[in-house]
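Asker: As you go down the protein sequences, you meet chains A and B in turn. Residue numbers are given in the UniProt record's numbering: position 98 of the first sequence equals residue 98, and the series is strictly consecutive. Residue numbers are given in the UniProt record's numbering: position 121 of the second sequence equals residue 121, and the series is strictly consecutive.
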Amino acid sequence: MSTAAVTDKRPSTLRGASLPKWTPWAIAAGSIAVAVAIGLGTGLDSRIQWGLIAGLLFLLATYGVAARVEGRRQAKDRIATALVWVAFVLAVIPLASLIWATVERGVKVLDVYFLTHSMGVVADSEPGGGIYHAILGSLEQVGLATLIGAPIGILTAIYLVEYGRGNLARAVTFFVDVMTGIPSIVAGLFILSLMLMFDMQPFGFAGSLALAILMMPVVVRSTEEMLKLVPNELREASLALGVPKWRTILKIVVPTSIGGIITGVMLSVARIAGETAPVLLLVFGNPFINANPFEGAQASLPLYIYQQYSQSAGSQAAYDRAWAASLTLIAFVMILNLVARGIARWKAPKTGR
Amino acid sequence: MAKRIDVSGLTAYYGSHKAIEDISMTVEPRSVTAFIGPSGCGKSTFLRTLNRMHEVTPGGRVEGKVLLDDEDLYGHGIDPVSVRREVGMVFQRPNPFPTMSIFDNVAAGLRLNGNFKKSELQDIVEKSLKGANLWNEVKDRLNKPGSGLSGGQQQRLCIARAIAVEPKVLLMDEPCSALDPISTLAIEDLIGELKERFTIVIVTHNMQQAARVSDRTAFFNLAAVGQPGKLIEIDDTERIFSNPSVQATEDYISGRFG
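Right under this line is the structure:
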């Protein structure tokens, strides 16, 4: 008997029994099948219940199988992985079904005519009409809000990161935190009270002001984080060249983090683009095209969706228009996000040789 | 062009913590002075007081006098920005500006200070890169990002950037500690060339390096952790390494301490 044969027979301390690669898939398929069987057998109607049972079975089966074959430690590892996957699937399902539902119902009336006409001569309960006036209003209100909110937010963040010391900075941080929690309707009421004081009628810019209030804390927070990421060595390198502090901030710190700052601004724009409450109070809504945000009621996409749903007495044509407008809004937000990512990638500090 | 530095009774604080105490020394123009000493003894802090970078750190505060050719850097009405244009600095870790090309990095000091002629910029960048022994390696890729260079090249780029603004004094805070021996040699050779034009002060943990590049060496030490660092002695490098006048210096240099 050779020594090789002896060593072969000795059990390796490094290699344990392991499940084949396809095990998670098999367990997933198995638990779904069992869950469907249980659902049909006991007469459960809700697919959500089926899904939850399947998820639970998947976790239990993973642990059981792995504990038996691979041991306790690997079983714990596998169940952590399984938990992450189940949580991921639970999070994605509502998101995917929301987009699916919006696309499915939205494309029915979404065409060039819909995007280029207003509701001016169309009653809410009849088919026809479009959202041109709402797109115009949304763009103007969100654009003006960004013009006000983004510079103030970015400058506040620069103050907090580059200059802020002591009580003032702490107070600013505190109020930014408080502002983050302001419900949008409260921001609307705040501007509304000002409007009532000066006896003004609803107009687009009033909505922009409320949206700017909602936007500012988000911009401050994200910009602050981005500026903190800029290494201190770069600031010192610039200061040591005899560059004044304000120029260092303008030419070194901000350009280094500009990609992230723009992404933050774009995300906050996406957030305020969907706000309904302050627009409802301050801009009021208008079926006609009003391109002047400083005078007269305007429409906006979220407001249009709400009004089509609530003021059309259950007309199918109005519901279709509301879904199509929702799809437009989602597409608008998605395009903004893609643009933000593009800019972030384009402006990111280059590392290539 | 190079200027003399005359320090007397300098004490520096971080908030209420006294980092270095009562340091006095003279640094001659067109010479290399090396600072050696254990970690935390205040070498870097002292270096940063020489171009008023110490006060950039929150809580940083300085007492005493630093004369740059008879002008007190901490005197009334002195603009720290102007001081830093006269006293340049190279840091421990190479830190080229990541958004800028090699050319823009070298030109950064001039561009950001705004005092240059467009026609001169090209010449100054070329001269500075040649001065930093980097020109031949990067002349074909001046428009590429500076962060794409190797560590040693990046550090020489930072030296080129510092000398492009024509300072009188160049401070170097452990410029070779992140570099391999070959890049270190390149930078040491460079220091030898630069001392013809600048007053150079270099902090180093490498005693052979101090012995190789410097004309004078200062030894810093601290009595105990938490105590302020002090200047133990400053003398000609040869003397410090052969026959120092203080026992603590000899112990540190020969590896016997504590």
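Yeah, the Cβ is synthetic: ideal placement off N, Cα and C, and Gly gets one too. Just so it is clear, the structure is predicted and the values come from calculations on it, not from any experiment.
1. Could one say the Cβ of Val81 of chain B lies closer than 8 Å to chain A's Cβ atoms, at least one of them?
2. So the candidates are B:Leu170, B:Glu63, B:Asp22; which of them puts its Cα closest to the Cα of Ala132 of chain B?
3. Which residues mark the beginning and the end of the alpha helix (DSSP H) in which Val109 of chain A is found?
4. Do Val283 of chain A and Pro183 of chain A have their CB atoms nearer than 8 Å?
5. Nearest-angstrom Cα distance between Met1 of chain A and Arg15 of chain A?
6. What residue does the alpha helix (DSSP H) around Met266 of chain A start on, and which one ends it?
7. Tell me which residues of the stretch 95 to 113 of chain B have at least one Cβ-Cβ distance to chain A shorter than 7 Å, keeping chain order.
8. Quick check: what's the CA-CA separation for Val339 of chain A versus Gln316 of chain A?
9. May I ask you to list, following chain order, the residues of the stretch 122 to 152 of chain B that have a beta carbon less than 7 Å from some beta carbon of chain A?
10. Run through chain A and tell me which residues come within less than 8 Å of Phe91 of chain B, C-beta to C-beta.
11. Please state whether DSSP places Gly149 of chain A in a helix, a strand or coil.
12. So what does DSSP say about Arg61 of chain B, is it helix, strand or coil?
13. Does any C-beta atom of chain B lie closer than 8 Å to the C-beta of Thr256 of chain A?
14. With DSSP run on the structure shown, which of helix, strand or coil describes Leu44 of chain A?
15. Tell me which residues share the same chain as Asp104 of chain B and place their Cβ nearer than 6 Å to its Cβ, disregarding the 5 neighbours each side in the sequence.
16. Out of curiosity, what's the CA-to-CA distance linking Asp251 of chain B and Ile23 of chain B?
17. Does the structure place the stretch 283 to 298 of chain A close enough to the stretch 115 to 134 of chain A that three or more beta carbon pairs sit under 8 Å?
18. Would you list, in chain order, the members of the stretch 175 to 201 of chain B that have their beta-carbon closer than 9 Å to a beta-carbon of chain A?
19. Here's the rule I'm using: 16 or more other beta-carbon atoms within 10 Å means buried, otherwise exposed. How should Leu301 of chain A be labelled?
20. Could you tell me which chain A residues have their CB closer than 8 Å to the CB of Arg85 of chain B, listed as they occur along the chain?
21. Where does Gln308 of chain A fall in DSSP's three states?
22. State the beta-bridge partners of Ser8 of chain B as determined by DSSP.
23. Is Arg165 of chain A close to chain C? Criterion is C-beta to C-beta, closer than 8 Å.
24. Going by beta carbon distance, what residues of the same chain come within less than 7 Å of Met207 of chain B, once the five residues before and after it are set aside?
25. Taking the beta carbon of Arg73 of chain A as the centre, do at least 16 other beta carbons fall within 10 Å, making it buried, or is it exposed?
26. Run through DSSP, which three-state label would Ala218 of chain B get?
27. Pick helix, strand or coil for Asp70 of chain B, following the three-state DSSP scheme.
28. Since Ala270 of chain A and Val333 of chain A are thought to touch, with beta carbons under 8 Å apart, how far apart are those beta carbons, to the nearest angstrom?
29. Is there contact here, the stretch 42 to 61 of chain B with the stretch 82 to 96 of chain B, by at least three beta-carbon pairs under 8 Å?
30. Going by DSSP, what residue range makes up the alpha helix (DSSP H) through Gly109 of chain B?
31. How would you label Gln141 of chain A, buried or exposed, when you count the other beta carbons within 10 angstroms and need 16 or more for buried?
32. Among all the DSSP beta bridges, which residues are the ones paired with Thr249 of chain B?
33. Shorter than 8 Å from the beta carbon of Arg353 of chain A to some beta carbon of chain B?
34. Would a C-beta distance cut-off of 8 Å place Phe198 of chain B and Pro175 of chain B closer than the cut-off?
35. Please confirm whether Val56 of chain B has its beta-carbon closer than 8 Å to some beta-carbon of chain A.
36. Measure the beta-carbon distance from Ile135 of chain A to Thr328 of chain A and round it to whole angstroms, keeping in mind my assumption that it falls under 8 Å.
Answerer: In brief:
1. What you label residue 81 of chain B is simply residue 81 of the second sequence in a count that begins at 1. Val81 of chain B counts as touching chain A.
2. As a first step, residue 132 of chain B must be located in the second sequence, where it is residue number 132. Out of B:Leu170, B:Glu63, B:Asp22, B:Leu170 has the C-alpha closest to the C-alpha of Ala132 of chain B.
3. Taking the first sequence and counting its residues from 1, the one referred to as residue 109 of chain A is at position 109. Looking at the DSSP string, Val109 of chain A is not in any alpha helix (DSSP H), and its letter there is neither H nor E.
4. Reading the first sequence from its first residue, position 283 is the one you call residue 283 of chain A. Reading the first sequence from its first residue, position 183 is the one you call residue 183 of chain A. Result no, Cβ atoms of Val283 of chain A and Pro183 of chain A do not sit closer than 8 Å.
5. Position 1 of the first sequence, counting from 1, holds the residue named residue 1 of chain A. Position 15 of the first sequence, counting from 1, holds the residue named residue 15 of chain A. Caution applies to Met1 of chain A, whose pLDDT of 44 falls short of 50 and renders its modelled position unreliable; the value that the coordinates give is listed next. Rounded to the nearest angstrom, the two C-alpha atoms are 24 Å apart.
6. Working through the first sequence from its first residue, we reach residue 266 of chain A at position 266. Its alpha helix (DSSP H) spans residues 254 to 273.
7. Asn95, Phe97, Pro98, Thr99, Ala108, Gly109, Leu112, Asn113
8. As a working note, residue 339 of chain A is residue 339 in the first sequence. As a working note, residue 316 of chain A is residue 316 in the first sequence. Rounded to the nearest whole angstrom, the C-alpha separation of Val339 of chain A and Gln316 of chain A is 35 Å.
9. Lys144, Pro145, Ser147, Gly148
10. As a working mapping, residue 91 of chain B is identified with position 91 in the second sequence. Ordered by position in chain A, the residues that pass the 8 Å Cβ test against Phe91 of chain B are Glu233, Glu236, Ala237, Ala240.
11. Translated into the one-based positions of the first sequence, residue 149 of chain A becomes position 149. Here Gly149 of chain A sits in helix by DSSP.
12. Working through the second sequence from its first residue, we reach residue 61 of chain B at position 61. Note: Arg61 of chain B maps to strand in three-state DSSP.
13. As a position in the first sequence, residue 256 of chain A is number 256, starting the count at 1. For Thr256 of chain A, the answer is yes, since a Cβ of chain B falls inside 8 Å of its Cβ.
14. Here residue 44 of chain A refers to the residue found at position 44 of the first sequence. Residue state, collapsed to three classes: coil.
15. Looking up residue 104 of chain B in the second sequence gives position 104. Around Asp104 of chain B: no qualifying Cβ.
16. Along the second sequence, one-based indexing puts residue 251 of chain B at 251. Along the second sequence, one-based indexing puts residue 23 of chain B at 23. For Asp251 of chain B and Ile23 of chain B, the distance between alpha carbons rounds to 21 Å.
17. Counting Cβ pairs under 8 Å, three or more are found: they touch.
18. none
19. Position 301 of the first sequence holds residue 301 of chain A. Buried is the call here.
20. By 1-based counting over the second sequence, the position of residue 85 of chain B is 85. Leu241, Gly242, listed in chain order.
21. For the purposes of this step, residue 308 of chain A is taken as the residue at position 308 of the first sequence. Correct three-state label for Gln308 of chain A: helix.
22. Reading the second sequence from its first residue, position 8 is the one you call residue 8 of chain B. DSSP output for Ser8 of chain B lists B:Lys65 as bridge partner(s).
23. Looking at the structure shown, chain C is missing, and the protein chains on hand are A and B.
24. For the purposes of this step, residue 207 of chain B is taken as residue 207 along the second sequence, with counting starting at 1. So the qualifying residues of the chain are Ile36, Ile253.
25. The sequence position of residue 73 of chain A within the first sequence is 73, counting from 1. Exposed is the call here.
26. What you label residue 218 of chain B is simply residue 218 of the second sequence in a count that begins at 1. In this structure, DSSP gives Ala218 of chain B an extended state, which the three-state scheme calls strand.
27. Taking the second sequence and counting its residues from 1, the one referred to as residue 70 of chain B is at position 70. Shown here, Asp70 of chain B sits in coil according to DSSP, grouped into three states, outside any helix or strand.
28. Here residue 270 of chain A refers to the residue found at position 270 of the first sequence. Here residue 333 of chain A refers to the residue found at position 333 of the first sequence. Indeed they touch by this definition, with Cβ atoms about 4 Å apart.
29. yes
30. Here residue 109 of chain B refers to the residue found at position 109 of the second sequence. Unbroken alpha helix (DSSP H) run through Gly109 of chain B: 102 to 113.
31. Sequence index remark: in the first sequence, residue 141 of chain A carries index 141 (1-based). Buried.
32. Counting from 1 along the second sequence, the entry for residue 249 of chain B is found at position 249. Looking at the DSSP assignment, Thr249 of chain B forms no beta bridge with any residue, so it has no partner.
33. On the first sequence, position 353 is the one that residue 353 of chain A refers to. Because the pLDDT of Arg353 of chain A is 44, which lies under 50, any placement of that residue in the model is unreliable, and the number read from its coordinates should be weighed accordingly. Taking Cβ atoms only, chain B reaches closer than 8 Å to Arg353 of chain A, which makes this a yes.
34. Sequence index remark: in the second sequence, residue 198 of chain B carries index 198 (1-based). Sequence index remark: in the second sequence, residue 175 of chain B carries index 175 (1-based). No. Outside cutoff.
35. As a working mapping, residue 56 of chain B is identified with position 56 in the second sequence. Output row for Val56 of chain B: interface = yes.
36. Here the question's residue 135 of chain A lines up with position 135 in the first sequence. Here the question's residue 328 of chain A lines up with position 328 in the first sequence. A Cβ-Cβ separation of about 7 Å places Ile135 of chain A in contact with Thr328 of chain A under the 8 Å criterion.
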